[in-house]
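Scroll down for the structure; my scribbles are underneath it.
There are 2 protein chains.
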Amino acid sequence: MEIQGLPGRLLDELGPAIASGELPEGSVLRGEELEQRFGVSRTVVREAVRVLEGMRMVASRRRVGITVLPKSLWDVFDPMVIRWRLAGADRPAQLRSLGSLRMAVEPAAAALAATHATDDDRRELSSLAVELTVAARDADLTTFLRHDIAFHALVLRASGNEMFAHLGDTVGAVLTGRTEYHLMPHQPEPYAIRLHREVADAICSGHAEEAEQAMRTIVTGALEELNQQLG
Amino acid sequence: MEIQGLPGRLLDELGPAIASGELPEGSVLRGEELEQRFGVSRTVVREAVRVLEGMRMVASRRRVGITVLPKSLWDVFDPMVIRWRLAGADRPAQLRSLGSLRMAVEPAAAALAATHATDDDRRELSSLAVELTVAARDADLTTFLRHDIAFHALVLRASGNEMFAHLGDTVGAVLTGRTEYHLMPHQPEPYAIRLHREVADAICSGHAEEAEQAMRTIVTGALEELNQQLG
DNA sequence: ATCGCCTCAAAGATATGACGTATTCAAGTG
DNA sequence: CACTTGAATACGTCATATCTTTGAGGCGAT
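Protein sequences, first through last, are from chains Z and L. Under the numbering used here, the first residue of the first sequence is numbered 1, with each subsequent residue one higher. Under the numbering used here, the first residue of the second sequence is numbered 232, with each subsequent residue one higher.
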């Protein structure tokens, strides 16, 4: 899913280092230094740096070196950047940002899905809502998480908006992180389950307003839970 | 703002070609072929391809070549991808997607801005609203556009959410395109101007609900206008 | 005829040496 | 002190060599 080969491995070192602030804004790296530090050739270093440059995390300038750019310039929607930030010291800020984004996008996506979803989408959505309920009743958190992710991703995809659809993986990462962070404490709240069924039902029956409201309630809950945890 | 040097120029050729569908999904390019076609070295081709790979528009595989990936995999939030799509045959679809995205994000951003904006933000917002009114009265579309872009970007930035803030440039591109597409017909509608002042006032006085509603009305109008134009 | 294994070649992946070029910094000059 | 100029530096580009992976076709056995 990511970039392969040696440049990919270099990226997995440099990206997180920059995203976590270990290499703060303004840091300057030299290509040759990277070659030695990671034991790779110029070719590899240059390609990795180019990719970072493509996501505007660094800028390469002659006679200066490779400079880490301020976070405000980064392509914060790039899945790699999101992943790196979620994995590092920037995790709280990234979760907050994603929380607001979900708050804006998911209700809108649910509303759109109510009018744009295909019949297959609706069937699968219904099915997922049921499986979600079952997994919750059985207190099977792993299965629950898998279906929860699939549920949200499906709503986003069924909205018919390719940009919304693309947020599916990111939302999935947030949900996964939440479950991990909880360290699997108690079973999912019955109220949240009911809301998921409500979303599914509303979308299946074409009630945009209702789908939007139910989804808004879900995401609001997640956001409150997040704020509570992060202080 | 983009990638510099020869790889950058190569990107400006390949990116639009892929985004426009001129190189459809599944097309296979060979590195050597690109070297010859564009008269550049292996190094340059590889770096450009790596960047495209980073935005998941192509995948490079041994013994096969460089394959154009399906659009559903592209990083549709990457500013470059958005720009390329807006410039080419995919423009209508991209505008529709962005329309829905604005519809979801901008009202939410306005609501957040009402509680998160700094005093400077509020002052500048007020000021922009006035200048917007003046430019509209003078039927100075160029100035109007500039301030309109600044206005929306400022609201997004003042929301305090870095991801929202990052959509400022993209919204700006949409607004620019809209004005160009109109071929500068008539002056901006007084109603829309009033709504912008309303957003500014609501944010300045901390009325989140009101700001959100006014912004929603603005974006709804833009979306309707878009749907009318695209059929 | 089909399946599985083997070999070969195609194309990218990586390393390296050479040279070009812009840019910074500082020495030198008025 | 301001301006000019030159040299050092680090990236940019090209060319070449070698390695690695992998798809396709051949070959034989079942």
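Ideal placement from N, C-alpha and C gives every residue a C-beta, glycine not left out. What you are looking at is a predicted structure, and each value in this text was computed from that prediction instead of being measured.
Quick one: list the residues of chain Z neighbouring residue i, beta-carbon separation under 8 Å, in chain order.
| i | result |
| --- | --- |
| L:P238 | R50 |
| L:G299 | Looking at the sequence shown, residue 299 of chain L is not Gly but Val. In chain order: nothing, as chain Z lies at least about 16 Å away. |
Please name the residue, chosen from the options, that lies closest to residue i on a Cα-to-Cα basis.
| i | options | result |
| --- | --- | --- |
| Z:D169 | Z:G31, Z:T179, Z:L154 | Z:L154 |
| L:E233 | Z:S60, Z:V40, Z:L23, Z:D12 | Z:S60 |
| L:E256 | L:C435, L:L265, L:R287, L:H413 | L:R287 |
| L:S305 | Z:T179, Z:L73, Z:P79 | Before going on, a small fix: residue 305 of chain L reads as Trp here, not Ser. The shortest C-alpha separation from L:W305 is found at Z:P79. |
| Z:L6 | Z:V68, Z:R178, Z:L86, Z:V51 | Z:V51 |
| Z:R123 | Z:G221, Z:D201, Z:T67 | Z:D201 |
| L:V405 | L:R425, L:S390, L:A381 | L:A381 |
| Z:A117 | Z:H182, Z:A208, Z:G8, Z:L23 | Z:A208 |
| Z:L69 | Z:G221, Z:E53, Z:T176 | Z:E53 |
| L:V361 | L:V259, L:P421, L:G252 | L:P421 |
| L:V312 | L:V402, L:T373, L:R273, L:P247 | L:P247 |
| Z:A108 | Z:I66, Z:S205, Z:M163, Z:F144 | Z:M163 |
| L:L398 | L:L454, L:E337, L:H378 | L:E337 |
| Z:L98 | L:A324, L:L343, L:V365, L:N392 | L:N392 |
I want to see whether chain L comes within less than 9 Å of residue i, judged by CB atoms only; does it?
| i | result |
| --- | --- |
| Z:D78 | yes |
| Z:S159 | yes |
Whose Cβ in chain L lies nearer than 8 Å to the Cβ of residue i?
| i | result |
| --- | --- |
| Z:M163 | V307, F308, S328, L329, S331, L332 |
| Z:R46 | T274, E278 |
The beta strand (DSSP E) with residue i in it runs from where to where?
| i | result |
| --- | --- |
| Z:A59 | 58-61 |
| Z:I66 | 65-68 |
Determine whether the Cβ of residue i lies closer than 9 Å to any Cβ atom of chain Z.
| i | result |
| --- | --- |
| L:P338 | yes |
| L:H397 | yes |
| L:S303 | yes |
| L:A453 | no |
| L:A324 | yes |
Show which residues of chain L have a CB atom less than 7 Å away from the CB atom of residue i.
| i | result |
| --- | --- |
| Z:A104 | A335, V336, A339 |
| Z:L112 | S331 |
Give the residues of chain Z in contact with residue i, contact being defined as C-beta atoms less than 9 Å apart.
| i | result |
| --- | --- |
| L:I234 | R50, E53, G54 |
Between which two residues does the alpha helix (DSSP H) harbouring residue i extend?
| i | result |
| --- | --- |
| L:F269 | 262-269 |
| Z:M80 | 79-87 |
| L:T410 | 399-413 |
| Z:S126 | 119-137 |
| Z:H196 | 190-204 |
| Z:N161 | Taken as a continuous stretch (DSSP letters only), Z:N161 belongs to no alpha helix (DSSP H), as it is neither H nor E. |
| Z:G54 | 42-54 |
| L:L304 | Where L:L304 is concerned, there is no enclosing alpha helix (DSSP H), given that its DSSP letter is neither H nor E. |
| L:D243 | 236-250 |
| L:L332 | 322-347 |
| L:G452 | 439-461 |
Open item on the list: Output needed in chain order: residues of the stretch 198-213 of chain Z with a Cβ under 8 Å from some Cβ in chain L.
Closed with: Taking 8 Å as the Cβ-Cβ cut-off against chain L, none of the residues of the stretch 198-213 of chain Z qualify.
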